[in-house]
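If you're matching them up, the sequences are chains A and B in order.
So this note's numbering is basically just the index in the first sequence, starting at one, shifted up by 3.
So this note's numbering is basically just the index in the second sequence, starting at one, shifted up by 3.
Just so it is clear, CB atoms sit at the ideal spot from N, CA and C, and this is done for glycine as well.
To start, the structure itself, in structure tokens.
Protein chains: 2
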Amino acid sequence: MERTIRYSKKREAILEAIRSTDTHPTADWVYQTLKPTHPDLSLGTVYRNLNFFREQGTIRCVGVVKGQERFDANTHPHTHFVCDGCGAVIDLHEIPADTELDRQVQDRYGLKVDGHELIFHGVCKKCKPETLH
Amino acid sequence: MERTIRYSKKREAILEAIRSTDTHPTADWVYQTLKPTHPDLSLGTVYRNLNFFREQGTIRCVGVVKGQERFDANTHPHTHFVCDGCGAVIDLHEIPADTELDRQVQDRYGLKVDGHELIFHGVCKKCKPETLH
DNA sequence: TTCGTTGCAAACATTTTGCAGTTTC
DNA sequence: GAAACTGCAAAATGTTTGCAACGAA
């Protein structure tokens with residue numbers, strides 16, 4: 004049988020925290036951010052709720068950067084840039100996510116395709132060596 | 004000063020192991036695969052050499068699937084499919100990797116772009132529920 | 001002989017989990 | 001009051017690292 008979902012103040016706060024930023028935060032960022040206003044929050048709860056939201060489809064996981072999972076409250080398909088210097092994950096809204104490709108892959112390879120990720124790698128403005136001088 | 008690179012039988016075996024497959028193996032797969040022929044191989048050595056090859060540009064990292072890093076001896080830009088069921092990583096050679104996009108992102112956003120990953124997600128033939136019955 | 005490479009095991013970092021207490025409905 | 005949710009700490013997992021021994025040049 005389906006599980007009954009109950010309201011929880013912490014859960015709400017965790018979702019709000021993720022929605023408050025476009026930096027694609029880590030679990031620990033959420034924890035550190037909420038700690039001052041929710042002193043009795045535990046990291047386990049953050050992880051449990053992030054996984055809960057992921058299962059619900061409320062948030063998406065952008066991938067693992069420098070060993071840490073990155074989350075995104077924007078569930079619309081869009082493109083990302085990952086800075087290999089500082090690990091920043093940046094939205095590239097001007098680069099379209101071609102959903103037509105999904106059907107193409109599905110048809111051509113006989114796979115069930117749920118979606119795709121387009122992730123650029125490189126160095127962001129802050130980390131660019133040319134900027135220092 | 005630059006470090007002198009010395010020959011090592013284990014290192015060679017590790018590279019051969021990765022090159023012998025297109026399954027984009029994990030460090031542990033390499034370890035398990037070589038263990039029978041190299042009983043005194045240690046997992047630390049596998050990790051050290053995978054990182055060595057990555058720094059040299061000899062191999063690439065495809066990403067983290069189910070918590071484990073996946074490696075690829077094919078350094079040419081190409082597209083991947085990740086099965087969310089079994090974690091298989093499959094090459095999609097027929098879906099072109101558009102390197103023109105890199106320049107586009109670089110110009111439009113002022114970022115230094117090294118390349119990009121196009122990764123489809125879904126369920127592979129083996130894991131497709133329709134296949135069972 | 002030098003110093004890169006390795007095995008081993010300990011250390012590390014992130015994430016998950018078991019349990020007892022708390023909260024929601 | 002039942003069961004979902006939480007804090008806490010321990011456990012699990014994948015990866016890195018320190019050190020002494022080994023091996024290539």
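Taking 6 Å as the limit between beta carbons, can you name the residues of its chain near residue i, skipping five residues before and five after?
i, result
"Leu46(B)", "Tyr34"
"Phe56(A)", "Ile62"
"Leu2(B)", "Lying outside 4 to 136, the shown extent of chain B, residue 2(B) is not represented and no answer is given."
Terminal residues of the continuous beta strand (DSSP E) containing residue i?
i, result
"Glu120(A)", "115-126"
Please list the terminal residues of the continuous alpha helix (DSSP H) segment that includes residue i.
i, result
"Asp105(A)", "103-112"
Report all residues from its chain with a CB closer than 7 Å to the CB of residue i; omit the five preceding and five following residues, and keep chain order.
i, result
"His136(B)", "Note that His136(B) has pLDDT 45, beneath the 50 cutoff, so the model's placement of it is unreliable and no number is given."
"Pro80(A)", "Ala100, Thr102, Gly118"
"Leu104(B)", "His119"
"His126(A)", "Note on identity: in this sequence residue 126(A) is Val, with His being the wrong assignment. Excluding sequence neighbours, Val126(A) sits near Cys86, Asp87, Gly88."
Note down, in chain order, each residue of its chain lying with its Cβ closer than 8 Å to the Cβ of residue i, except the 5 sequence neighbours on either side.
i, result
"Arg22(A)", "Ala76"
Can you determine whether any heavy atom of the ligand FMN sits closer than 8 Å to the C-beta of residue i, and answer yes or no?
i, result
"Tyr34(B)", "No copy of the ligand FMN appears in this structure; indeed no ligand is present at all."
Give, in chain order, every residue of the stretch 103-114 of chain B whose Cβ lies closer than 8 Å to some Cβ of chain A.
Leu104, Asp105, Gln107, Val108, Gln109, Arg111, Tyr112, Gly113, Leu114
Ignoring anything shorter than 4 residues or poking outside the stretch 9-74 of chain A, list the alpha helix (DSSP H) runs there in chain order.
12-22, 30-37, 46-59
My parser needs the beta strand (DSSP E) runs of 3 or more residues fully inside the stretch 76-105 of chain B; what are they?
82-86, 92-95
Contacting positions in the stretch 118-129 of chain A - beta carbon closer than 7 Å to chain B:
Gly118, His119, Glu120, Leu121, Ile122, Phe123, His124, Gly125, Val126, Cys127, Lys128
Selection of the stretch 30-59 of chain B by Cβ proximity to chain A, strictly under 9 Å
none
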